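Step one of this worksheet: look at the structure below.
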Amino acid sequence: MRCDKNGNVKRKSKGMKHSSSTRILSPLAFLILAVLACQFMPTQTPASETPPTKVPATESVSPTKEPTNEPAEETADPSAGSSGLGDSRYPEFGNGGYDAQTYTLDITVNDVTSSDLTATTTIEATAAQALSRFNLDFAGFEITSLTVNDEAAEFERKGQELTVIPSQPLENGEKFIVSISYEGIPDAMQSQALPFPTGWIVYENGIFVLSEPDGSASFYPVNDHPLDKALYTIIVTVPKPYEVAANGILEETTDNGQSVTYHFKVRDPMASYLTTINVTDFDQETMESDGGVPIRNYYAASLPDNIRKPFARQGEMIDYFSEIFGPYPFEVYGALVMDTEFGAALENQTMSIFGVDMVDANDIEGTESVVAHELTHQWFGDSISVADWGDIWLNEGFATYGEALWVEYDYGEAGLKQWVEDIYNEVKSYPDFYPPPGAPAANNLFNGGVYLRGGLTLQALRSNVGDEAFFEILHTYYDRYKYGNATTEDFIAVAEDISGTDLGNFFDAWLYDEQLPPIPELNLQ
Ligand code: TRP
Ligand code: ZN
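Numbering follows my numbering, with no gaps: position 106 of the sequence shown is 1290.
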């Protein structure tokens, strides 16, 4: 815990604001960090008191040889899918042995304030080995039925690991359907990655979801690692007069008398942690970017009208970023502002969520930094997702640099220069708070270094290789890895390809050295 540091950052950001001649850097931009480093979430307690205990990955059981009348293929005997994907920071996140293609979440919220749910999640997947059993990540609830290919299957639960034992083993390459019905009240989740509640969160006026990196298992059974992206259908039924905002396109709403059912469709691959379902009374605002990207913003209805102001230029941002990164990846975009403070914003796919304390109608520029940050994540984070959580700077450093690019859009070279100097001095002054971005600790994944020093790494690269090569690197990297996953090595390889230079030492210094490297071209050291 670094609560002491939180105070520091907040004070520092104010100091920076005064020391800066332009109002480019606002405390809000720093809030993202401040809050993540140490935050005080209002204690929303979705019912259960004890957070699920993380247990060591379940042991693979020795394959039970099933008699089969199939002609013996040259395939291995069925064995257990692994209970984790071997992530460098969180080896037990996700599961091996299969690949999920689609999720259909069908969730009825019987009561919003208690969040009593009745739900069925159906997953279409393909076996990547002959499987005697496989795991999903899932916490809490009572499972009332579980089938594989419409036949009842046995299951075991241990902490967040749900082990499914199909009545017959699955063949390598076989497509199968798992359907899990469950009911109850979501468990409160405490991620090991950051010190505040994640997952499905109930607050006084409704529900919202914050799942990065591992909160999704608090409301649906899932292969919970960004390596296994899938398409989603999200069907949520809520009692009137509540409304639902979720990822993707709202295809249909059905009036059931006392309740309403919302059908959302996500037609581009999505990492599980970006799944979002939010429930309260919303006001909607729709517009379109000049380039034709539809925008629908959701504001909790109790918020004042001026809350919308800092979001007015999202269309302009989308078009600008589409020019410098590559076309906006998804069918729709929008912001969602909840009427509660949670000291953070999160880039849920097609629908970034903002705590009301991240939006200051009297500091439009400061808030626009956060808006630009979350929007940049749609390319870097959502469309290209990390293959390993240890590479989180590929998300946060890029999104932070997106803030700089937006400042540059408005204020030109001088604005960018000021931004870079301010951030450089900040990082240099508080090195403990901004560790090298390439090797974050598992218990402090979203540290200050992955944001600010990660962002500076991109500026240093730009200064080193020049604007033309830099923007070609961004484009090429995006084009090569969009809708998929990338590693730090993948990015470095693109940068070396395009620039035609060996950048090994450069990236080693920026990503892994304790010492903050200089940016000689800008006279920063
Ligand atoms: N990715 C978020 C950002 O834009 C930060 C974040 C990570 C977060 N995990 C979270 C925010 C959980 C809210 C809740 O910087
Ligand atoms: Zn971010």
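Using N, Cα and C, we set each Cβ at its ideal position, and we do this for glycine too.
Predicted model only: the values in this text are computed from it and were never measured.
Selected residue, minimal CA-CA separation from Cys1535, among Trp1573, Asp1398 and Gln1468: Indexing the sequence shown from 1 puts residue 1535 at position 351. Note that residue 1535 is Met in the sequence shown here, rather than Cys. Met1535 has its Cα closest to that of Gln1468, out of Trp1573, Asp1398 and Gln1468.
Suppose the cutoff is 6 Å on Cβ atoms and the five residues either side in sequence are ignored; what does the same chain contact list for Asp1452 look like? Translated into positions along the sequence shown, residue 1452 becomes position 268. For Asp1452, where only same-chain residues beyond five positions count, the Cβ hits under 6 Å are Phe1514.
Just checking His1659 against the ligand ZN - is the residue's beta carbon closer than 7 Å to any of the ligand's heavy atoms? Residue mapping note: residue 1659 aligns to position 475 of the sequence shown, counting from 1. Because no heavy atom of the ligand ZN lies under 7 Å away, the Cβ of His1659 does not count as near it: no.
Should Ser1363 go down as buried or exposed, given a rule of 16 or more other Cβ atoms within 10 Å for buried? The residue given as residue 1363 occupies position 179 in the sequence shown. Ser1363 is buried by the Cβ-count criterion.
Whole-Å CB distance - Leu1301 paired with Glu1367, under 8 Å assumed: Walking along the sequence shown from the start, residue 1301 turns up at place 117. Walking along the sequence shown from the start, residue 1367 turns up at place 183. Correct: roughly 6 Å between the Cβ atoms.
Mind listing, in chain order, the continuous alpha helix (DSSP H) runs of no fewer than 4 residues lying wholly within the region 1563 to 1635? 1577 to 1613
Of all the options Arg1664, Thr1685, Phe1655 and Phe1691, which has the alpha carbon lying nearest to the alpha carbon of Thr1672? To locate residue 1672, count along the sequence shown from 1; it is residue 488. If you compare the alpha carbons of Arg1664, Thr1685, Phe1655 and Phe1691 with that of Thr1672, the shortest gap goes to Phe1691.
If I follow the unbroken beta strand (DSSP E) through Thr1305, where does it start and stop? As a working mapping, residue 1305 is identified with position 121 in the sequence shown. That run of the beta strand (DSSP E) goes Asp1300 to Ala1311.
From Glu1705 to Tyr1404, what does the alpha carbon distance come to, in whole angstroms? As a first step, residue 1705 is located in the sequence shown; it is residue number 521 there, counting from the start. As a first step, residue 1404 is located in the sequence shown; it is residue number 220 there, counting from the start. One C-alpha to the other measures close to 50 Å.
Please classify Glu1592 as buried or exposed, where buried requires at least 16 neighbouring CB atoms within 10 angstroms. Working through the sequence shown from its first residue, we reach residue 1592 at position 408. With 16 or more other Cβ atoms within 10 Å, it is buried.
If you pair each beta-carbon of the region 1257 to 1273 with each one of the region 1386 to 1395, do three or more pairs fall below 8 Å? no
How long is the line joining the alpha carbons of Ala1677 and Pro1478, rounded to whole angstroms? For the purposes of this step, residue 1677 is identified with residue 493 of the sequence shown, where counting begins at 1. For the purposes of this step, residue 1478 is identified with residue 294 of the sequence shown, where counting begins at 1. In a straight line, the C-alpha of Ala1677 is about 34 Å away from that of Pro1478.
Beta strand (DSSP E) containing Val1348: first to last residue? Counting from one through the sequence shown, the residue named residue 1348 turns up at place 164. Unbroken beta strand (DSSP E) run through Val1348: Glu1345 to Ile1349.
Nearest-angstrom Cα distance between Glu1358 and Glu1338? Stepping through the sequence shown from its first residue, residue 1358 is reached at position 174. Stepping through the sequence shown from its first residue, residue 1338 is reached at position 154. So the two alpha carbons sit approximately 19 Å from each other.
Determine the extent of the beta strand (DSSP E) in which Thr1672 is found, giving its start and end residues. Numbered from 1 along the sequence shown, position 488 holds the residue referred to as residue 1672. First-last for Thr1672: Thr1672 to Ser1683, but that is the alpha helix (DSSP H), not the beta strand (DSSP E).
For Phe1322, which option in Ile1361, Ala1309, Glu1276 and Ala1312 has the closest C-alpha, if you only look at C-alpha atoms? Locating residue 1322 in the sequence shown gives position 138, where the first residue counts as 1. Selected option, being the one with the closest Cα: Glu1276.
The ligand TRP heavy atom lying under 7 Å from the CB of Phe1630: On the sequence shown, residue 1630 is found 446 positions in, with the first residue counted as 1. Within the cutoff, so yes.
Helix, strand or coil at Pro1405 [DSSP, three-state]: Counted from its first residue, the sequence shown places residue 1405 at position 221. If DSSP states are grouped into helix, strand and coil, Pro1405 belongs with coil.
Gly1574 and Tyr1635 look like a contact to me (Cβ under 8 Å); what is the Cβ gap, rounded to whole Å? Numbered from 1 along the sequence shown, position 390 holds the residue referred to as residue 1574. Numbered from 1 along the sequence shown, position 451 holds the residue referred to as residue 1635. About 15 Å separates the two Cβ atoms, so there is no contact after all.
Heavy atom of the ligand TRP within 7 Å of His1557 beta-carbon: For this step, residue 1557 is matched to residue 373 along the sequence shown. Indeed, a heavy atom of the ligand TRP lies less than 7 Å from the Cβ.
State yes or no: is the C-beta of Ile1703 within less than 8 Å of the C-beta of Ala1644? As a working note, residue 1703 is residue 519 in the sequence shown. As a working note, residue 1644 is residue 460 in the sequence shown. Between Ile1703 and Ala1644, the gap from beta carbon to beta carbon is short of 8 Å.
Taking Trp1694 as the reference, which of Asp1606, Ala1260, Met1471 and Pro1619 has the closest Cα? Along the sequence shown, one-based indexing puts residue 1694 at 510. Ranking the options by Cα distance to Trp1694, first place goes to Pro1619.
Would you say His1561 touches the ligand ZN, meaning its beta carbon is less than 7 Å from a heavy atom? Here residue 1561 refers to the residue found at position 377 of the sequence shown. Yes, the ligand ZN has a heavy atom inside 7 Å of this Cβ.
Taking 7 Å as the limit between beta carbons, can you name the residues of its chain near Glu1552, skipping five residues before and five after? Sequence index remark: in the sequence shown, residue 1552 carries index 368 (1-based). Excluding positions up to five away in sequence, the list reads Pro1494, Arg1497 and Trp1590.
Shorter than 7 Å, the distance from the beta carbon of Glu1552 to the closest heavy atom of the ligand ZN, or not? Within the sequence shown, numbered from 1, the residue matching residue 1552 stands at position 368. Every heavy atom of the ligand ZN is 7 Å or more from the Cβ of Glu1552, so no.
Per DSSP, what kind of secondary structure is Leu1700 in: helix, strand or coil? In the sequence shown, residue 1700 corresponds to position 516, counting from 1. Here Leu1700 sits in coil by DSSP.
Residue environment, Glu1326, which counts as buried when at least 16 other CB atoms sit within 10 Å: Translated into positions along the sequence shown, residue 1326 becomes position 142. So Glu1326 counts as exposed.
Can you list the residues near the ligand ZN, meaning Cβ strictly closer than 5 Å to any non-hydrogen atom, in the order they appear in the chain? Taking a cut-off of 5 Å from the heavy atoms of the ligand ZN, the residues with a C-beta inside it are Glu1580 and Ala1583.
Alpha carbon to alpha carbon, how far is Gly1668 from Ala1623? Give it in angstroms, no decimals. As a position in the sequence shown, residue 1623 is number 439, starting the count at 1. As a position in the sequence shown, residue 1668 is number 484, starting the count at 1. For Ala1623 and Gly1668, the distance between alpha carbons rounds to 22 Å.
Quick check: the Cα distance between Asn1689 and Met1454, rounded to an integer number of angstroms? Against the sequence shown, residue 1689 aligns to sequence position 505. Against the sequence shown, residue 1454 aligns to sequence position 270. Distance between the alpha carbons of Asn1689 and Met1454 is about 34 Å.
Counting along the chain, where does the alpha helix (DSSP H) carrying Tyr1482 start and finish? Your numbering for residue 1482 matches position 298 in the sequence shown. Bounds of any alpha helix (DSSP H) do not take in Tyr1482; it lies within the beta strand (DSSP E) bounded by Pro1478 to Ala1484.
Measure the CB-CB distance between Asp1283 and Asp1412 and report whether it falls below 8 Å. Translated into positions along the sequence shown, residue 1283 becomes position 99. Translated into positions along the sequence shown, residue 1412 becomes position 228. Between Asp1283 and Asp1412, the gap from beta carbon to beta carbon is short of 8 Å.
To the nearest angstrom, report how far apart Thr1248 and Ser1351 are at their CA atoms. Numbered from its first residue, the sequence shown carries residue 1248 at position 64. Numbered from its first residue, the sequence shown carries residue 1351 at position 167. At Thr1248 the pLDDT is 38, less than 50, meaning the model places this residue with poor confidence; the figure from the coordinates comes in the next sentence. Rounded to the nearest angstrom, the two C-alpha atoms are 12 Å apart.
Uninterrupted alpha helix (DSSP H) stretches inside the region 1468 to 1532 (no shorter than 4 residues): 1498 to 1509
Alpha carbon of Glu1435 to alpha carbon of Asn1279, nearest angstrom: Your numbering for residue 1435 matches position 251 in the sequence shown. Your numbering for residue 1279 matches position 95 in the sequence shown. One C-alpha to the other measures close to 31 Å.
Start and end of the alpha helix (DSSP H) containing Ala1653? Taking the sequence shown and counting its residues from 1, the one referred to as residue 1653 is at position 469. From DSSP, the alpha helix (DSSP H) with Ala1653 extends over Asp1651 to Tyr1665.
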